[in-house]
Amino acid sequence: MNSPRHPITGKLSSRTLLTLGAAISFCLLLGWLAYRIFGDIYLNSERQLARQRLDALALSLEATLSRNESLPGLLALDPSLSALLHQPDSEQRITAANAYLEAAQQGAAVSAAFLIDAHGKTLAASNWRQGRSFVGHNYGFRPYFVDAINNGLGRFYGVGVTTGEPGYFLAAPVRDGQQALGVIALKVGLEAIEQALAGAGETLFLVDADGVIFLSPDRLLRYHTLAPLSDTAAARLGDTRQYGRQAITPLSTLPLALDRIEPVRLALPGEAPRDVLLTTRPVGSLGWQLVQLGDPGEAHSIALGSALATGFACAFLLGLAAHVRHRQRRRDELRRIHGQLEQRIAERTVDLTGKIAALERTEAILRETRNSAVQAGKLAVLGQMSAGITHELNQPLAALQTFADNASALLERGRHAEVAENLAMISDLIERTGRIVRQLKTFSRKESSVPQAVTVKTAIEHALMIIEPRRRELMATISIPPIAEDLQALAEPGRLEQILVNLMRNGLDAMSDQPAAHLEISTTVQGGRITIEVRDHGQGISDEVQAHLFEPFYTTKTASDGLGLGLSISLTIAESYGGTLGAHNAPEGGAIFTLTLNAPPPIHPNQHTAHEA
Ligand code: ADP
């Protein structure tokens with residue numbers, strides 16, 4: 074499995090670091106894009122709202138401005154004005170013009186109405202009674218005067234030269250025929266507009282064609298420009314005294330286009346420089362602009378929030394994808410390992426199946442070999458016995474011959490009593506030979522392997538009979554303590570005798586070089602087990618022999634004396650009855666072979682009775 078960490082140092086691999094770096098960069102990029110997109114969307118919607126607000130305000134502003142537009146032309150028609158202009162020194166005409174202008178001012182609800190002669194001098198005014206009356210002042214330098222004379226209508230916003238109060242000036246020529254005798258001017262206060270701007274809830278103001286803020290509910294903003302004033306504009310403002318002697322200071326040191334979309338940095342009076350969002354809309358015919366200052370901070374926060382959300386979402390999704398991929402890889406890896414394991418198990422299974430089959434074959438061969446060996450062992454014993462048997466049978470046969478000859482001779486002589494004696498002897502001899510033949514038959518028969526109750530004493534006696542020739546040959550003595558007649562073991566008669574013959578013969582063989590060979594055979598019963606011990610006084614069993622004692626074909630004897638099958642067959646037979654066969658050396662010398670067999674199960678009394686019946 075590919076681990077992202079180094080197996081020893083635990084450090085992240087450079088590939089993982091690279092992927093991590095790429096993922097972080099990708100998330101940062103997405104965050105930045107989200108910042109830009111959401112910021113723009115929010116700014117656009119803000120600007121849209123501002124534009125709608127400015128449109129509404131501009132329309133009502135233009136309506137206010139245009140409402141009074143035709144007034145000066147109408148008022149100029151009054152003959153009292155042209156009369157005064159014809160005779161400027163006539164007190165009577167001055168009074169009449171003043172009265173007319175006063176009435177007109179009140180009737181039209183404007184700040185002031187006044188009459189200027191062709192040289193710019195004010196001849197009469199609605200405020201003629203007030204201390205700071207316009208009368209006598211020259212306004213020939215004011216643009217509204219110049220425009221009225223030249224173009225028939227003068228419009229101008231400025232600070233009153235006399236009153237110091239700002240106002241919107243509208244002017245129209247007073248004509249006599251085609252000749253302009255003078256100008257009638259109206260000063261309109263824009264307080265209503267100012268209130269409307271204040272009520273909008275945003276920072277709203279009006280700038281003139283030069284960019285000077287001239288109308289703003291925030292008095293501190295007045296007479297500032299958004300950007301530095303051009304030299305010509307500054308000179309013109311000085312000439313027209315549009316804003317009196319006010320110093321005009323810029324809020325930004327950089328030139329600034331009002332249609333800028335991006336936020337601009339402004340140093341508003343009494344505030345630290347900050348970014349503001351400019352929205353503008355032209356108003357009226359004097360090149361004025363309605364301006365709203367918006368706060369881009371909210372858009373910034375929203376954009377930042379969106380950027381963070383996008384960045385984190387991206388990181389989360391990438392993390393999730395990485396996690397899913399890692400799990401998928403792990404699952405694949407596990408599946409692969411599982412597959413490998415299964416394959417290995419399958420291979421091992423095939424391997425083991427083969428081995429088991431081989432083992433079973435070997436076991437079958439062994440079983441077969443053992444069975445054959447048991448038989449071979451019997452034959453071997455038979456071979457060894459044949460000499461003894463011939464001897465055993467020859468002797469009674471010779472005796473039989475003698476007794477039979479004697480009997481016929483005695484019969485001829487009529488010695489009947491002696492004939493009967495001879496016949497009895499013949500009968501004994503026949504019985505003895507029969508016993509030997511029976512024994513041989515039992516031994517060589519291939520019996521069915523069904524254990525049964527075998528009388529131990531009989532088995533031992535039969536075995537003794539078989540080894541008798543050998544015993545006699547060695548002039549050995551055999552001692553057997555009395556054995557209970559009813560002592561029985563679970564075995565088969567012939568095979569038990571075969572084991573006993575093997576043990577006894579081996580014991581005698583071990584003492585073949587001793588002048589007074591002595592074999593001891595004993596039986597004990599303990600806990601349902603019958604133990605038969607065969608003890609000799611030979612050289613005992615060496616460690617080397619002990620290691621191979623029960624192996625088939627292991628023998629220390631010459632080929633004619635031993636096949637090395639006796640003990641191996643004996644052990645197999647004993648174990649087939651659930652018994653054991655073991656050997657050890659006696660402390661005082663010689664070997665002790667111990668055969669242990671199960672006692673037969675007790676016969677049920679009913680069974681017994683039924684059998685007897
Ligand atoms: P065999 O008698 O044909 O050699 P066995 O299987 O009966 O085959 O015995 C194997 C060997 O065990 C013998 O060759 C002998 O070396 C050893 N052995 C058996 N019985 C005795 C004994 N009573 N004392 C010493 N050695 C013995």
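According to our numbering, the residues represented by the sequence shown are 74 to 686, in order.
Yeah, the Cβ is synthetic: ideal placement off N, Cα and C, and Gly gets one too.
Following the DSSP letters along the chain, one finds Lys194 in no beta strand (DSSP E), marked with neither H nor E.
Remark: C-beta atoms of Thr236 and Arg205 approach each other more closely than 7 Å. Spanning the alpha carbons of Gln178 and Ala185 requires a straight line of approximately 6 Å.
In this structure, the CA atom of Tyr316 is about 8 Å from the CA atom of Pro239.
According to the DSSP assignment, Ser118 belongs to the alpha helix (DSSP H) that extends over Ser87 to Arg140. Inter-residue distance for Cys100 and Arg338 is about 30 Å (C-alpha atoms, whole angstroms). Taking C-beta separations shorter than 7 Å and ignoring five residues to either side along the sequence, the partners of Val261 in its chain run Asn141, Val183, Ser184, Gly240, Tyr241 and Leu243, following chain order.
Judged by DSSP in its simplified three-state form, Glu415 adopts helix. Between the beta-carbon of Ala564 and that of Val527 there is about 5 Å, and that keeps the pair under the 8 Å contact cut. Taking 8 Å as the upper bound for CB-CB distance, Gly662 and His610 are in contact here, some 6 Å apart. DSSP places Val607 in the strand class (E or B) of the three-state scheme. Under the three-pair Cβ rule at 8 Å, the segment 304–323 counts as touching the segment 271–288. Judged by pairs of C-beta atoms under 8 Å, the segment 551–571 touches the segment 649–668, as three or more such pairs exist. For Tyr217, the uninterrupted alpha helix (DSSP H) run begins and ends at Pro216 to Asn224, by DSSP. Scanning its chain for C-beta atoms nearer than 6 Å, with the 5 sequence neighbours on each side dropped, one finds around Tyr173 the residues Asp151 and Ser153, in chain order. The way I'd put it, the segment 373–390 does touch the segment 107–118; three or more beta-carbon pairs between them come closer than 8 Å. The three-state secondary structure of Ser289, taken from DSSP, is coil. In this structure, Leu116 and Leu350 form a Cβ contact; the two beta carbons are roughly 7 Å apart against a cut-off of 8 Å. In this structure, the C-beta of Val618 approaches the ligand ADP to less than 6 Å from one of its heavy atoms.
For Val618, the enclosing alpha helix (DSSP H) begins and ends at Asp616 to His621. The residues Phe278, Val280 and Thr353, in chain order, have a CB closer than 6 Å to that of Val364 in the same chain once the five nearest residues on each side in sequence are set aside. For the pair Leu144 and Ala181, the CB atoms are nearer than the 7 Å cut-off.
If the five residues before and after Ala659 are omitted, its C-beta is found closer than 6 Å to the C-beta atoms of Ile665, all from its own chain and listed in chain order. Three or more beta-carbon pairs separated by less than 8 Å link the segment 212–232 to the segment 244–258, which places the two stretches in contact. Less than 7 Å separates the beta-carbon of Met577 from that of Ile540. Going by DSSP, Ser155 is part of the alpha helix (DSSP H) stretching over Pro152 to His159. Under the DSSP assignment, Leu174 falls in the alpha helix (DSSP H) whose first and last residues are Glu164 to Ala181. Scanning its chain for C-beta atoms nearer than 7 Å, with the 5 sequence neighbours on each side dropped, one finds around Ala273 the residues Arg126 and Leu130, in chain order.
The C-alpha of Pro625 lies about 13 Å from the C-alpha of Glu441. Scanning the segment 257–339 for uninterrupted alpha helix (DSSP H) segments of 4 residues or longer gives 264–272 and 304–313, listed from N- to C-terminal end.
Every beta strand (DSSP E) stretch that sits fully inside the segment 345–403 and reaches 3 residues is listed by chain position as 347–356 and 361–367. In its chain, beyond the 5 residues on either side, Ser379, Ala380 and Thr383 have a beta carbon closer than 6 Å to the beta carbon of Ala107.
Between the ligand ADP and the CB of Asn479, the shortest heavy atom gap is not smaller than 6 Å. Contact annotation: Pro301 and Pro336 have beta-carbon atoms that are not nearer than 7 Å.
The alpha-carbon separation between Ile553 and Thr669 amounts to approximately 17 Å.
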